[in-house]
Each structure stands twice: as structure tokens, then as C-alpha cells.
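Residue numbers (my numbering): 37 to 657. Backbone N, C-alpha and C fix where the C-beta goes; we use that ideal spot for every residue, glycine too. Remember, predicted model here, so these are calculated numbers, not experimental data. Written below as C-alpha cells is the structure these notes are about.
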Amino acid sequence: MPLKKLALRPGVNRERTRYTNETGWYECDKVRFRQGYPEKIGGWQRLSSNTFQGVCRSLLSWVTLGSQNFIGVGTNLKFYLELGGVYYDITPIRATTVGAATFAAANGSTTITVTDSTHGASVGDFVTFSGAATLGGTITAAVLNAEYEIITVPTSNTYTITATATANASDTGNGGGSVTAAYQISIGNAVAIPINGWGAGPWGSGTWGVGTASQSPMRLWSQSNFGEDLVFGPRGGSFYYWDVSSGITARGVNISTLAGASDVPTIQNYILVSDLNRFAFAFGANTIGTATQDPMLIRWSDQEDITNWTPAAINQAGSLRLSNGTQIVTASQSRQEVLVWTDSSLYSLQYLGGQAVWGAQLVGENISIASQNTVAYANGVSYWMGKDKFYMYDGRTQTLPCDLRRYIFNDFNELQYNQVHGGTNEEFHEIWWFYCSKNSTTVDRYVVYNYLEKVWYYGNLARTAWLDSGTRTRPLAATYSYNLVNHEEGVDDNETAVAAAIDAHITSGEFDLDDGDKFSFVWRVLPDITFDGSTVISPAALMTLYPLKNSGAGYTDPASEGGVSYGSITQTAVLPVEEFTQQLNIRVRGRQMAVKVSSDALGVQWQLGSPRLDMRPDGRR
């Protein structure tokens, strides 16, 4: 018989059965397609040994006029600026009390009780003390004058912190009367927390006397550049500003406190500064003159003025309200428009000038969007993950065909939609989305759309935020280790100080060895695997052949692949393939077969070509 060439379609398809997908790939992890062929993805390297506090949900990079390359890092606990691998805390201050805070220590304990009648803090919030005097013993002024996380809030007038020293019998003082306590804005949840019971839902919802379900939302940030400065804010919170001229250690300040501030939104769900016209937008903002949030209201500042939000004949500040949907979820800058997503529609926001200033056009109805961070823009097209499918907008809203749709959304934690985040990896023409699988409350999966080759693939990876290379040389991602990693750097997992191998693999569908009606005997394989980019002397991968007695009967071995053993009739062949391996002699028998290529060793990078099988007919029984 002639050699059977395994020329499989690029991309992974889980919409078909393994057998009907006989000319393609069925499952994978940490593998991408380039020019139609699968290869192991690149490795990652931690940005630095420094870490931040909290789970990061937002990243933004920009370069100042002074050539400082910043990254804004928003976590559920704080907001940072990264520069040179160092994280600078610029979390805004919510309130400051002077001369009101006092301390009380207990002998033999690290717990310090703070009394401040106007603190307004919650458990987990952060406070920084200055001007405190020693309590008389080990709790010195140096111990007190630092930043602390609030551990408990026994009363509205008191809270506790954990000191860095244990108090002794001499710690009888109260810190003096000159203590300044600076309270940072309250922290947010790392994940969405379901709430069940009376009063959990909106007023009037559900049946009288029956509890309803709601969620305590997770902390999400939006951020945008105003020139070389930064505007940012948490979802459902205030509007903050960081001025580069104030220095890297200066904290963000509420825009309403800036000189000339007028009617600055006090509540917003998303912040954006338009690229072309330099308007600052607050989506889901409060109406002017009230503290009432309207989740469908868009407000914008005067052009080139971050402080003036009062509409007048002599400026271009204004507002408009969208009508299709119940809340604005997110917004994104496109080429000549600002796109605005509600929970059921897509609008195009365009600059008109004149009295209207900005106008909104409905460009998509009956759609969904998973989260505020799911939109990715590449090559003039906006892509996003919905709640049951994928979408794209290139001038018109379309459903994006997906060969993994059922697989992804059948294994999806619907309570954690807000954790979904997407981004581009333009070097490889990819859109990445990260999400929580059905039984996980943390991000553990990803799915990739290659918009050049129009194929899909997926895998397992825990990332909480993503940022394409842009002003940096490599894509950046945030991890649950509270640091940032450079992706596509090296070939291994270098998230920590100790390198770890990346387990990468891809498995084909089930294909007929001949016509599928009789057994065939495979005695030789020509693997066609290259190892360009590997960092070890003798890189190797495994090629595993899974023969089947009949289509759908299950693999013969191992059991972990869902197969069963058919004794001596068939067997699984596991073939080590090295850099200069030209052929492999084997003995495998079956009617159908699947092929798997994998690697789990340090320093290995591989790309699969077109393997060939040498076989002969072997009867019907």
C-alpha cells in the first residue's frame, strides 16, 4: 500500500464526533496553528520578582513624553503603576482624619485596636498612619506609622489591625493626638459572590415571601490615557486622575477635587477617553445634580478638558441615554467610532459636533456580552465573547462561527461571566479569551481564535488579565501569583524562580486506516516533526497512535484517554521522536486510528508537519 499522509485540517473542532472529524483535530492544550500546522505555544517569563496585592483585572500600557513606559495595574485591593518591574501604589485616598485616631495594645498580642469615630472603613480596607508616637514599649512610632490592612470592624468607631511587633506591658500609650489616618478607597471582591435570600434581588422581583438570587459583584477597573496622564476608576465607583507631573509616588485623586471641576460624575461603570477627539466618557453615570446612577446614561466632558462636565453653549460637554438594554456593559475605541455595548445591543457612538456633539446609532440587537473586558480589537474588527456564542463587528454585527462553541459554553461557570477577559496576540494573529470552567471560581481555561487562518483552539491556563505587546516587546498577562509574566518568551513556564515544563499536546479525530471495513497493520511511521527554537541539546516529543477496533469503540489504551483494552487484537504505540528521527518501526493493528503529539519536558519547542503511515491490509476479523 502507498504511504498514508496525515494532512489534517488546521484548527480544533469539537462540534463533531471524533469520527466525523476524521480529517481534523479534536482536542489540544497549549498548542497553536501557524500556516496550517500545529505547534507548541511559546513560554512565559515573570516580569520581576516583585508582586502586587490582590487579583489583577485590568492592564493598560503607555509611554510618557519623558519615555517612561508605564503599565496601569488594577486589582481587587489596589491600583498600581508598574515601571521597571516595580509596582507603585497609587490607590486613591477616600478620607483622611487628623488628630482623631488613637491606638490601644494588649500585652502579648499583635492586635492593635484603633479608635476613629469617622473612619467609615470595612474589613480588608487599607489605612496609612503618620504622626503617631510610641505606645511606650515594642509598639514604637516606626511600627505604627505604616500602612495596615483592617482586620476587623467591631463598631462604627473602632477597628483592629495586626502590628509588626508584639506588644509588652509598657505599651500603655495611645499614639498621641497628632495621628493622621489616610483611608484608601474600599476594596472589592476578587470574584462574584452569589447572594440568595430575602432582599437579594431588585425591589418587587419574584414571588412575595420567596427569596431571590443576586450577586455581590467583583471589582473591575477601567482605565484610559488622557495625554500622558491616566484616568481610571472602579466599576460603580468614582472617577480618578493621575498626573505624571506629580511623580510616580503620587496617588490618584478624585477629578472632582481638581481646580475648575464642574459636575464630574460621582458614579460610573466604565471610563474611556476617545482617541480622535479627546473627550472623557463616563458610561452608566449619575445624572447631573444627583447621586442617582443611570446604568444607560452616557456623559462626556468638554473637549480636551477632563474637569468640565457641565453642558453649556460655550462648551461641548453633554450626555445621552441609550434605550436598548438595561445597562451599559463596556465601550471600546474603534477606527472612527466609539462602540458601546449594553447587555442586549451594540451602539456606534460618533462625533457630530454642533449642539448634539455625539450621536448614537444602534448597530446590533439581540446580542450578549460576557463582561466588560471581553472585547478585543484587531485589524479593524472588534471581537467579543457573548454568553452563548462569539461575535464580531466590522461595520456590521455578526455571529462569529466557532468550532468549539458547544464545548466552551457547556463547560462554563455562568456565575463568573465578569471574569472573562480577552485580548490580542497580533504576532500570531490571535484573539485570546480566558474564562472559568463550570466547576471553577477562578480563571482556568482559554480559547483562541486565529483571525488570519480562521481556526480555533483551546487549553488550560490561569490568567486574570491580558495585554498585547504594544509599547512592550511581549504580551503581558497577570497571574494568581500576583505578578505579571511576559508571554512568547522562551519555551518554558518561568512564572516563578524555578522553571517548569509546559505540557503541550494535540490529538486528531478518528480516521480510517484504509476504507474502515477491514483491519490494517501499521508497521512504520515517518513522523515529520521539527524542533526549531528548543533550548536543550536533544529535544524530543511523543507521538502516540491510538488504534480502534471500530469507530466510537474507545481507544485501547491508556484508560485515561477514555479507552478500553482489547487484549492482543490491538495496542497503543507510544513513539519517542527526536530531532533527527527519520522513521519509527512499530506494530499496530486496527480499523481506525487517532494520533496524538505531546511534550512535557523542559526546553522543548516543536512543530508538526505531515506524518506518514506505512501499512498493509490485515483482513476483516
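With a CB to CB cut of under 7 Å and the five nearest residues on each side skipped, what residues in its chain are close to residue i?
| i | result |
| --- | --- |
| W80 | V521, N522, H523, E525, D529, N530 and E531 |
| G121 | L83, S84 and N86 |
| V479 | Q455, F470, Y471, C472, A498, R499 and T500 |
| Y123 | N86, F88, V109 and Y116 |
| I324 | D299 |
| Y453 | A406, S407 and K423 |
| M421 | A406, T410, V456, G458 and W469 |
| G160 | E185, I186 and I223 |
Which residue wins for smallest C-alpha separation from residue i, given the options the options?
| i | options | result |
| --- | --- | --- |
| K490 | F69, L497 and A576 | F69 |
| L562 | K425, L649, A178 and T460 | L649 |
| G78 | G645, A169 and K66 | K66 |
| Y443 | V483, N461, T164 and V624 | V483 |
| K114 | P437, T100, L101 and L95 | L95 |
| S517 | Q71, L398, L44 and V91 | V91 |
| P331 | A349, S359 and D568 | S359 |
| I126 | D279, I148, G47 and G272 | D279 |
| T100 | N402, N225, S281 and M579 | S281 |
| Y494 | A367, T174 and G47 | G47 |
Can you name, in chain order, every residue of its own chain whose Cβ lies under 6 Å from the Cβ of residue i, other than the five neighbours on each side?
| i | result |
| --- | --- |
| Y471 | V456 and R481 |
| R54 | Y62, G545 and E546 |
| A177 | A168, A169 and T170 |
| T146 | T198, A199 and T202 |
| Y219 | R130, A131, A157 and V163 |
| T343 | L294, G296 and A297 |
| N210 | T138 and F139 |
| A412 | Y419, G458, G459, T460 and I467 |
| I221 | P128 and R130 |
Assign residue i to one of three DSSP states: helix, strand, or coil.
| i | result |
| --- | --- |
| Q452 | helix |
| I107 | strand |
| S282 | helix |
| T293 | helix |
| I221 | coil |
| F555 | coil |
| V215 | coil |
| F464 | helix |
| F445 | helix |
| V521 | strand |
| A177 | helix |
| Q391 | coil |
| H541 | strand |
| M651 | strand |
| K585 | coil |
| Y419 | strand |
| A168 | coil |
| S270 | Looking at the sequence provided, one finds Pro at residue 270 rather than Ser. P270 falls in the strand class under three-state DSSP. |
| G495 | strand |
| A576 | strand |
| R54 | coil |
| F317 | strand |
If you draw a straight line from the alpha carbon of residue i to that of residue j, how long is it in whole angstroms?
| i | j | result |
| --- | --- | --- |
| R448 | I405 | A small fix is needed here, since residue 448 is Phe in this sequence, not Arg. So the two alpha carbons sit approximately 14 Å from each other. |
| N475 | E450 | 10 Å |
| V558 | P575 | 26 Å |
| A396 | V227 | 33 Å |
| W257 | S407 | 12 Å |
| D636 | L584 | 26 Å |
| D311 | N305 | 19 Å |
| G263 | D299 | 22 Å |
| T200 | A537 | 38 Å |
| E185 | H155 | 13 Å |
| L180 | F317 | 41 Å |
| A513 | A533 | 17 Å |
| T59 | R50 | 13 Å |
| N313 | T543 | 50 Å |
| G698 | E183 | Nothing about residue 698 can be reported from this structure: the residues present for the chain run from 37 to 657 only. |
| V289 | Q372 | 31 Å |
| L308 | Q259 | 7 Å |
| N204 | I148 | 12 Å |
| A658 | V633 | Here the chain covers residues 37 to 657 and nothing more, so residue 658 does not appear. |
| T515 | V365 | 24 Å |
| T56 | Y429 | 31 Å |
Which residues in the same chain as residue i place their Cβ atom closer than 8 Å to its Cβ, once the five residues preceding and following it in sequence are excluded?
| i | result |
| --- | --- |
| P653 | M37, D550, K554, F555, S556 and F557 |
Would residue i pass as an interface residue toward chain B - the criterion being a Cβ-Cβ separation below 8 Å?
| i | result |
| --- | --- |
| N49 | Among the protein chains of the structure shown there is no chain B, as only one such chain exists. |
*asked:* I want to know whether the stretch 506-517 touches the stretch 97-110 - three or more CB-CB distances under 8 Å.
replied: yes
- Looking at C-beta atoms only, is the number of pairs between the stretch 186-193 and the stretch 121-133 that lie closer than 8 Å three or more? no
Practice problem: Would you check if the stretch 344-354 and the stretch 366-380 touch, i.e. whether three or more CB-CB distances between them fall below 8 Å? | Solution: no
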